[in-house]
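A.B. asks: For the record, the sequence lines run as chains W and F.
Per our numbering, the first sequence starts with residue 1, numbered consecutively.
Per our numbering, the second sequence starts with residue 1001, numbered consecutively.
The beta carbon of each residue, even a glycine, is placed where N, CA and C say it ideally should be.
Keep in mind the model is a prediction, meaning the values are calculated, not measured.
Here it is: the structure, laid out below.
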Amino acid sequence: MLAAGTGAWALAAATLPLPDYYLPPPTAVLDALADLTVKGILPTYVLESLRRILLAAVFGVVVGVPVGLALGVSRRVADFFHPILNFFQSVSGIAWLPLMLVWFGFGERTILVAVNYTVLFPVIFNALLGVRSVPRIYVSAMRTMGAGRWRIVVDVLLPGALPSIATGLRLGLAYGWRALIAAEMLVGAHGLGFMIFNAQNFHLTARIMLGMGIIGVLWLILDYFLLRPVEEATIARWGLVQR
Amino acid sequence: MTAKIALRGLGHEYVNPFTRERVLALDGLDLEVPAGEFLTMVGPSGCGKSTLLGILAGLVTPTRGTVLVDGRPVTGPGRDRGVVFQEFAVLPWRTVERNIAHGLEIQGVARAERAAAVRRFVELIGLQGFEQKYPHELSGGMRQRVAVARTLAANPEVMLMDEPFAAVDAQTRITLQEELNAIAQATGKTIVFVTHNVEEAVFLGDRCCVLSRRPGRVKTLVPVTIPRARRTWKLFTSDPAFSATKDQVLRLVREEVGGEEDAR
Chain W
1 MLAAGTGAWA LAAATLPLPD YYLPPPTAVL DALADLTVKG ILPTYVLESL
51 RRILLAAVFG VVVGVPVGLA LGVSRRVADF FHPILNFFQS VSGIAWLPLM
101 LVWFGFGERT ILVAVNYTVL FPVIFNALLG VRSVPRIYVS AMRTMGAGRW
151 RIVVDVLLPG ALPSIATGLR LGLAYGWRAL IAAEMLVGAH GLGFMIFNAQ
201 NFHLTARIML GMGIIGVLWL ILDYFLLRPV EEATIARWGL VQR
Chain F
1001 MTAKIALRGL GHEYVNPFTR ERVLALDGLD LEVPAGEFLT MVGPSGCGKS
1051 TLLGILAGLV TPTRGTVLVD GRPVTGPGRD RGVVFQEFAV LPWRTVERNI
1101 AHGLEIQGVA RAERAAAVRR FVELIGLQGF EQKYPHELSG GMRQRVAVAR
1151 TLAANPEVML MDEPFAAVDA QTRITLQEEL NAIAQATGKT IVFVTHNVEE
1201 AVFLGDRCCV LSRRPGRVKT LVPVTIPRAR RTWKLFTSDP AFSATKDQVL
1251 RLVREEVGGE EDAR
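Structure, rendered in structure tokens:
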């Protein structure tokens, strides 16, 4: 698939009567990769973007999961917050950017607020849904064994909500990754988004394509090494999802 | 001596969340269960059997009447009353071993003591070799065994069982009933066991309590005189006293459903 696609691309670039900046050949992208790596620009930008998304991931887990769990415990509270969270989940960080630029300026602060915001709401929302979806019979069983509120949260609600929490983190980080690229484009403070947006000013099309490819590959790597192992060790092992 | 469980003038009314109708599930129910008795409870569907069990467990607060356990009013769930539920209520994210030990963990029992209890109950219910398995890797019958072991391990004085074997196949059900019989004999616990299966009720009970149609109250208490030691399916089903009692209970239940429905 990958080879065929690259082949078709190389063929099109070689035969079609188009200028190089319109459709550069795959080799030009590889050249850009080598060039930017040697100059140290690419590693710096990749690390910058990764640092921002990982920060948001930590924030999502540390803040989003407990808040979602807490809001999900009571049915009444959950019903109240459900539409609010759903609203903010849909108004993505990208839509907030113009306002955030006014509030936080053209800098790191705006990027971090936009990304953390974007990650946070799907995480809270799905953690809340997860708690609500835990079969009540488990809670009843715990209560008849003399379990208190805190133990019910730790032993029943948290593990029971994990499949949904995992979904929330996946969604949140995927949205957050997009918001990050968009924010870097607008704010222009390093990062992969800045790299591809800036390259457009100089018609460095190969560099744009390289950046796009890296954005996609990095996400695959994040998903594979960060999210999947967690799922395998927990919800798949417990038979809560089918593999 | 006071009864282990005493229900006086018990009534319960609730609003059906879907139809918004008020339902009078139980009305003026009186019942006493002496310590160490195995009481089975049958009745037409919707007669409030499960509601009654929920009230005994402290999960449902009755709208009228009193519930006394050891002479003290029930105000909520407590570890003196263990429950085995109809649906699978063991936690999917805990191994067999950790599910069985859960009650003891909640009670703050030390690890070594928990391990010893787990070993004992794993053996009692025949789950050796499955200690490290998760519930989804077990059959329905084995999962209910884990649920019974979890309740037993927490060592409650009263065991409340809500159609625990309804969802397992007929063969397994017979085995589980025989095992429960042996357990009842060995532990001498007070057990209230709700079922819609008359044969099961007669096989297991010291007395079989037949409830009326809704609103449920005690219609008749039928004593089962066959000694517990003789209660294996082979001996039991060939005993004329068994079929006589079964027919009697079945007749009483059918009076309540008006013959529209087969109560067995």
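If you run the structure through DSSP and keep just helix, strand and coil, what is residue 156 (chain W)?
C.D. replies: On the first sequence, residue 156 (chain W) is found 156 positions in, with the first residue counted as 1. Note: residue 156 (chain W) maps to helix in three-state DSSP.
A.B. asks: Name the DSSP beta bridge partners of residue 1022 (chain F), please?
C.D. replies: Here residue 1022 (chain F) corresponds to residue number 22 of the second sequence, with the count starting at 1. DSSP lists F:1015 as partners of residue 1022 (chain F).
A.B. asks: How is residue 142 (chain W) classed by DSSP in three states: helix, strand or coil?
C.D. replies: Here residue 142 (chain W) corresponds to residue number 142 of the first sequence, with the count starting at 1. Here residue 142 (chain W) sits in helix by DSSP.
A.B. asks: For a test of the three-state rule: what should DSSP assign to residue 51 (chain W), helix, strand or coil?
C.D. replies: Mapped onto the first sequence, residue 51 (chain W) falls at position 51. DSSP places residue 51 (chain W) within a helical segment (H, G or I) once states are collapsed to three.
A.B. asks: Which residues of chain W have a Cβ atom closer than 9 angstroms to the Cβ of residue 1014 (chain F), listed in chain order?
C.D. replies: As a position in the second sequence, residue 1014 (chain F) is number 14, starting the count at 1. Per Cβ cutoff of 9 angstroms: no residues; residue 1014 (chain F) is ~15 angstroms from chain W at best.
A.B. asks: For a cutoff of 9 angstroms on Cβ pairs, would you count residue 150 (chain W) as touching chain F?
C.D. replies: The count along the first sequence starts at 1 and reaches residue 150 (chain W) at position 150. Not one chain F Cβ lies under 9 angstroms of residue 150 (chain W).
A.B. asks: With a Cβ-Cβ cutoff of 9 angstroms, do residue 182 (chain W) and residue 94 (chain W) count as a contact?
C.D. replies: Looking up residue 182 (chain W) in the first sequence gives position 182. Looking up residue 94 (chain W) in the first sequence gives position 94. A contact, by the Cβ cut-off of 9 angstroms.
A.B. asks: If I measure Cβ to Cβ from residue 100 (chain W) and keep anything under 7 angstroms in the same chain, skipping five residues before and after, which residues do I get?
C.D. replies: By one-based count along the first sequence, residue 100 (chain W) stands at place 100. The residues are 110, 113, 114.
A.B. asks: Return the residue from the list F:1041, F:1046, F:1002, F:1104 that minimises the CA-CA distance to residue 1160 (chain F).
C.D. replies: In the second sequence, counting from the first residue as 1, residue 1160 (chain F) sits at position 160. The candidate whose alpha carbon is nearest that of residue 1160 (chain F) is F:1041.
A.B. asks: Is there contact here, the region 1136–1153 of chain F with the region 1103–1113 of chain F, by at least three beta-carbon pairs under 8 angstroms?
C.D. replies: yes
A.B. asks: If you draw a straight line from the alpha carbon of residue 98 (chain W) to that of residue 79 (chain W), how long is it in whole angstroms?
C.D. replies: Here the question's residue 98 (chain W) lines up with position 98 in the first sequence. Here the question's residue 79 (chain W) lines up with position 79 in the first sequence. For residue 98 (chain W) and residue 79 (chain W), the distance between alpha carbons rounds to 31 angstroms.
A.B. asks: What residues in its chain sit with their C-beta under 6 angstroms from that of residue 1192 (chain F), if we drop five residues either side in the sequence?
C.D. replies: As a position in the second sequence, residue 1192 (chain F) is number 192, starting the count at 1. Here the set comprises 1039, 1160.
A.B. asks: Could you tell me whether the Cβ atoms of residue 1147 (chain F) and residue 1089 (chain F) are closer together than 9 angstroms?
C.D. replies: As a first step, residue 1147 (chain F) must be located in the second sequence, where it is residue number 147. As a first step, residue 1089 (chain F) must be located in the second sequence, where it is residue number 89. Yes, the Cβ-Cβ distance between residue 1147 (chain F) and residue 1089 (chain F) is below 9 angstroms.
A.B. asks: Below 8 angstroms on C-beta distance, what does residue 1087 (chain F) contact in chain W?
C.D. replies: Position 87 of the second sequence, counting from 1, holds the residue named residue 1087 (chain F). Chain W residues near residue 1087 (chain F): 135, 137.
A.B. asks: Which of helix, strand or coil does DSSP assign to residue 1133 (chain F)?
C.D. replies: Here residue 1133 (chain F) refers to the residue found at position 133 when the second sequence is read from its first residue. In this structure, residue 1133 (chain F) counts as coil in the three-state DSSP scheme.
A.B. asks: To the nearest angstrom, how far is the alpha carbon of residue 1260 (chain F) from that of residue 1200 (chain F)?
C.D. replies: By one-based count along the second sequence, residue 1260 (chain F) stands at place 260. By one-based count along the second sequence, residue 1200 (chain F) stands at place 200. Low confidence applies to residue 1260 (chain F): its pLDDT is 49, below 50, so where it sits in the model is not reliable, and the reading given next is rough at best. Those two C-alpha atoms are separated by around 21 angstroms.
A.B. asks: Rounded C-beta distance between residue 160 (chain W) and residue 123 (chain W)? I'm assuming under 8 angstroms.
C.D. replies: For the purposes of this step, residue 160 (chain W) is taken as residue 160 along the first sequence, with counting starting at 1. For the purposes of this step, residue 123 (chain W) is taken as residue 123 along the first sequence, with counting starting at 1. Not really, about 16 angstroms apart at Cβ, beyond 8 angstroms.
A.B. asks: Who are the near neighbours of residue 1162 (chain F) in its chain, counting only those whose CB is closer than 6 angstroms to its CB and skipping five residues on each side?
C.D. replies: The count along the second sequence starts at 1 and reaches residue 1162 (chain F) at position 162. If we look at residue 1162 (chain F) and ignore the five residues flanking it on each side, its Cβ neighbours are 1050, 1053, 1085, 1086, 1194.
A.B. asks: So is residue 1123 (chain F) in contact with chain W if we call contact Cβ pairs under 9 angstroms?
C.D. replies: Counting from 1 along the second sequence, the entry for residue 1123 (chain F) is found at position 123. Closer than 9 angstroms: no.
A.B. asks: Out of W:52, W:32, W:152, which has the shortest C-alpha to C-alpha gap to residue 142 (chain W)?
C.D. replies: The residue labelled residue 142 (chain W) in the question sits at position 142 within the first sequence. Selected option, being the one with the closest Cα: W:152.
A.B. asks: Can you tell which of F:1168, F:1063, F:1222, F:1072 has the C-alpha that lies nearest to the C-alpha of residue 1022 (chain F)?
C.D. replies: Position 22 of the second sequence holds residue 1022 (chain F). The residue with the shortest Cα to Cα distance from residue 1022 (chain F) is F:1063.
A.B. asks: Is the Cβ-Cβ distance between residue 108 (chain W) and residue 166 (chain W) less than 9 angstroms?
C.D. replies: Translated into the one-based positions of the first sequence, residue 108 (chain W) becomes position 108. Translated into the one-based positions of the first sequence, residue 166 (chain W) becomes position 166. No, Cβ-Cβ distance for residue 108 (chain W) and residue 166 (chain W) is not below 9 angstroms.
A.B. asks: Looking at the unbroken beta strand (DSSP E) that takes in residue 134 (chain W), where does it start and where does it end?
C.D. replies: Locating residue 134 (chain W) in the first sequence gives position 134, counting from the first residue. Counting along the chain, residue 134 (chain W) falls outside any beta strand (DSSP E), and DSSP gives it neither H nor E.
A.B. asks: My guess is that residue 1220 (chain F) and residue 1037 (chain F) are in contact by the Cβ rule of under 8 angstroms, so how many angstroms apart are they, rounded?
C.D. replies: For the purposes of this step, residue 1220 (chain F) is identified with residue 220 of the second sequence, where counting begins at 1. For the purposes of this step, residue 1037 (chain F) is identified with residue 37 of the second sequence, where counting begins at 1. Their Cβ separation, rounded to whole angstroms, is 16 angstroms, which puts residue 1220 (chain F) and residue 1037 (chain F) out of contact at 8 angstroms.
A.B. asks: So, helix, strand or coil for residue 1202 (chain F), using DSSP?
C.D. replies: Translated into positions along the second sequence, residue 1202 (chain F) becomes position 202. In this structure, residue 1202 (chain F) counts as helix in the three-state DSSP scheme.
A.B. asks: Starting from residue 1223 (chain F), follow the beta strand (DSSP E) in both directions and report where the run begins and ends.
C.D. replies: In the second sequence, residue 1223 (chain F) corresponds to position 223, counting from 1. Residue 1223 (chain F) -> beta strand (DSSP E) spans 1218–1223.
A.B. asks: Please look up how many angstroms separate the CB atoms of residue 1007 (chain F) and residue 1029 (chain F), rounded, as I've assumed it's under 8 angstroms.
C.D. replies: For the purposes of this step, residue 1007 (chain F) is taken as the residue at position 7 of the second sequence. For the purposes of this step, residue 1029 (chain F) is taken as the residue at position 29 of the second sequence. With 8 angstroms as the limit, residue 1007 (chain F) and residue 1029 (chain F) qualify as a contact, their Cβ atoms being about 6 angstroms apart.
A.B. asks: So with CB distances below 8 angstroms, who are the chain W contacts of residue 1204 (chain F)?
C.D. replies: On the second sequence, residue 1204 (chain F) is found 204 positions in, with the first residue counted as 1. What residue 1204 (chain F) touches in chain W: nothing, since even the nearest Cβ is about 21 angstroms away.
A.B. asks: Report all residues from its chain with a CB closer than 6 angstroms to the CB of residue 244 (chain W); omit the five preceding and five following residues, and keep chain order.
C.D. replies: Shown here, chain W extends from 1 to 243; a query on residue 244 (chain W) therefore has no answer.
A.B. asks: Looking at the unbroken alpha helix (DSSP H) that takes in residue 1096 (chain F), where does it start and where does it end?
C.D. replies: For the purposes of this step, residue 1096 (chain F) is taken as residue 96 along the second sequence, with counting starting at 1. Segment 1096–1100, the alpha helix (DSSP H) holding residue 1096 (chain F).
A.B. asks: Closer than 8 angstroms by C-beta to residue 1184 (chain F): which residues in its own chain qualify, once you throw out the five before and the five after it? Chain order, please.
C.D. replies: Taking the second sequence and counting its residues from 1, one reaches residue 1184 (chain F) at position 184. For residue 1184 (chain F), where only same-chain residues beyond five positions count, the Cβ hits under 8 angstroms are 1038, 1191, 1204, 1228.
A.B. asks: Using C-beta distances below 7 angstroms, list every residue in its chain close to residue 1207 (chain F), excluding the 5 sequence neighbours before and after it, in chain order.
C.D. replies: For the purposes of this step, residue 1207 (chain F) is taken as residue 207 along the second sequence, with counting starting at 1. Taken in chain order, the residues that qualify are 1037, 1039, 1221, 1222, 1223, 1224.
A.B. asks: At 8 angstroms on the CB atoms, spell out the chain W contacts of residue 1083 (chain F), in chain order.
C.D. replies: One-based indexing of the second sequence puts residue 1083 (chain F) at position 83. Residues of chain W whose Cβ lies closer than 8 angstroms to the Cβ of residue 1083 (chain F) are, in chain order, 140, 141, 144.
A.B. asks: Could you tell me the boundaries of the beta strand (DSSP E) in which residue 1082 (chain F) lies?
C.D. replies: In the second sequence, residue 1082 (chain F) corresponds to position 82, counting from 1. 1081–1084 is the extent of the beta strand (DSSP E) around residue 1082 (chain F).
A.B. asks: Do residue 234 (chain W) and residue 1093 (chain F) have their C-beta atoms within less than 9 angstroms of each other?
C.D. replies: The residue you call residue 234 (chain W) lines up with position 234 of the first sequence. The residue you call residue 1093 (chain F) lines up with position 93 of the second sequence. Cβ atoms of residue 234 (chain W) and residue 1093 (chain F): closer than 9 angstroms.
A.B. asks: Assuming residue 1156 (chain F) and residue 1082 (chain F) form a contact by the criterion Cβ under 8 angstroms, report the distance between their Cβ atoms to the nearest whole angstrom.
C.D. replies: Against the second sequence, residue 1156 (chain F) aligns to sequence position 156. Against the second sequence, residue 1082 (chain F) aligns to sequence position 82. Confirmed, Cβ separation roughly 3 angstroms.
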